[in-house]
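Take a look at the structure set out below.
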Amino acid sequence: MRFILFIITFVIALLWPVTVSADPQPLIVSYNFGIFKEEDTVVFYGEISNSSAFALIEVLGIENPETLVIMSPGGAMSGALAIGEFLKNSDISVLIREETSCMSACAFAVMAANDLEIRGNLMFHTPYFPLVSTQETLDSLFLTSSVSHLILIEWFVYNGYTLEFYRKILENTSITTYINFTSTADFARYRSADPLQKLAENEHPYTLVTLE
Numbered sequence: 035m036r037f038i039l040f041i042i043t044f045v046i047a048l049l050w051p052v053t054v055s056a057d058p059q060p061l062i063v064s065y066n067f068g069i070f071k072e073e074d075t076v077v078f079y080g081e082i083s084n085s086s087a088f089a090l091i092e093v094l095g096i097e098n099p100e101t102l103v104i105m106s107p108g109g110a111m112s113g114a115l116a117i118g119e120f121l122k123n124s125d126i127s128v129l130i131r132e133e134t135s136c137m138s139a140c141a142f143a144v145m146a147a148n149d150l151e152i153r154g155n156l157m158f159h160t161p162y163f164p165l166v167s168t169q170e171t172l173d174s175l176f177l178t179s180s181v182s183h184l185i186l187i188e189w190f191v192y193n194g195y196t197l198e199f200y201r202k203i204l205e206n207t208s209i210t211t212y213i214n215f216t217s218t219a220d221f222a223r224y225r226s227a228d229p230l231q232k233l234a235e236n237e238h239p240y241t242l243v244t245l246e
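So this is what it looks like as structure tokens:
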């Protein structure tokens with residue numbers, strides 16, 4: 035299903051230069067991601083990897099746009115955190131457009147932006163590793179996973195989000211089930227200078243979405 039969403043995102047991105055502007059500027063177009071510029075906006079679509087993250091950060095540093103539009107099915111968490119760190123230390127606004135999605139690692143990246151506008155879907159789920167076949171690798175991944183969760187806890191606090199938000203992700207999501215935000219105001223409910231702040235028990239400013 036994520037592959038299908040990626041194809042849809044890819045098609046939207048290919049149509050985007052035609053529907054938005056008569057003269058967009060393709061900066062980087064690869065087999066699994068693309069970066070375009072139109073006036074004061076940079077658009078990124080596709081998979082987040084270490085290489086695509088480096089490319090995006092380099093483009094943002096050179097072009098210094100007012101806005102980053104992003105649509106992505108996710109990818110590597112290391113690349114996502116690198117993008118997020120860059121966004122946190124910049125004044126670039128991030129926009130998720132209508133009928134598009136920023137999923138998985140993409141969501142962890144853009145949550146660091148100082149100005150995030152959600153018109154489409156911002157979708158979080160529990161980070162996961164591919165299935166492996168040996169006990170030795172499983173033991174290694176268990177240790178790596180534990181460290182990764184500590185890094186993400188620090189990431190949430192560092193960017194001004196509550197620990198309750200991270201707990202909600204761990205408790206309610208899986209590889210195929212996501213916590214989905216469709217508005218900026220709802221997402222902002224989990225932002226607080228106090229990481230221990232909690233919403234009322236019956237408050238759920240998100241929906242759960244399962245992709246088979």
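35 is the number of the first residue of the sequence shown in the working numbering; add one for each residue after it. Note that the Cβ used here is the ideal one computed from N, Cα and C, for glycine as well.
Check	Outcome
If you run the structure through DSSP and keep just helix, strand and coil, what is arginine 201?	helix
When you compare the CB positions of phenylalanine 252 and methionine 111, do they come within less than 8 angstroms of one another, or not?	Residue 252 cannot be examined here, being either before or after the span of the chain that is shown, 35 to 246.
From what residue to what residue does the alpha helix (DSSP H) around methionine 257 run?	The structure shown has nothing for residue 257, since the chain only spans 35 to 246.
Over the uninterrupted beta strand (DSSP E) stretch that includes threonine 241, give me the two end residues.	241-244
From asparagine 148 to isoleucine 126, what distance separates their C-alpha atoms?	8 angstroms
Beta-carbon within less than 6 angstroms of leucine 129's beta-carbon, same chain only, minus the 5 sequence neighbours each way: which residues are those?	Thr101, Val103, Glu151
Which runs of the beta strand (DSSP E) fall wholly inside the stretch 119-157 and span at least 3 residues, in chain order?	127-130, 135-137, 150-152
Does the separation of the CB atoms of tyrosine 192 and tyrosine 224 fall below 8 angstroms?	no
Using alpha carbons as the reference points, say which of Lys122, Ile209, Ile69 lies closest to tyrosine 162.	Ile209
Which residue from Met157, Arg131, Ile213, Ile117 puts its Cα closest to that of serine 83?	Ile117
By the 10 Å Cβ neighbour count, where 16 or more other Cβ atoms means buried, how is alanine 47 classified, buried or exposed?	The pLDDT assigned to alanine 47 is 48, lower than 50, so where the model puts this residue is not dependable; a value taken from the coordinates is nonetheless given after this. Alanine 47 is buried by the Cβ-count criterion.
In whole angstroms, what is the alpha-carbon distance linking lysine 122 and valine 144?	9 angstroms
In whole angstroms, give me the CA-to-CA distance for threonine 207 and glutamate 119.	24 angstroms
Give me, in chain order, the residues of the same chain whose beta-carbon lies closer than 7 angstroms to that of glutamate 133; leave out the 5 immediate sequence neighbours on both sides.	Gly154
Give the straight-line distance between the Cα atoms of leucine 230 and serine 64, rounded to the nearest whole angstrom.	42 angstroms
Where does the unbroken alpha helix (DSSP H) through glycine 334 begin, and where does it stop?	Nothing about residue 334 can be read from this structure; the chain reaches only from 35 to 246.
Count the other CB atoms within 10 Å of the CB of leucine 204; is the residue buried (16 or more) or exposed (fewer)?	exposed
Quick check on serine 55: does DSSP put it in helix, strand or coil?	Interpretation of serine 55 is limited by its pLDDT of 47, a score under 50 that renders its predicted location unreliable; no figure is taken from the coordinates.
Do glycine 95 and cysteine 140 have their CB atoms nearer than 8 angstroms?	no
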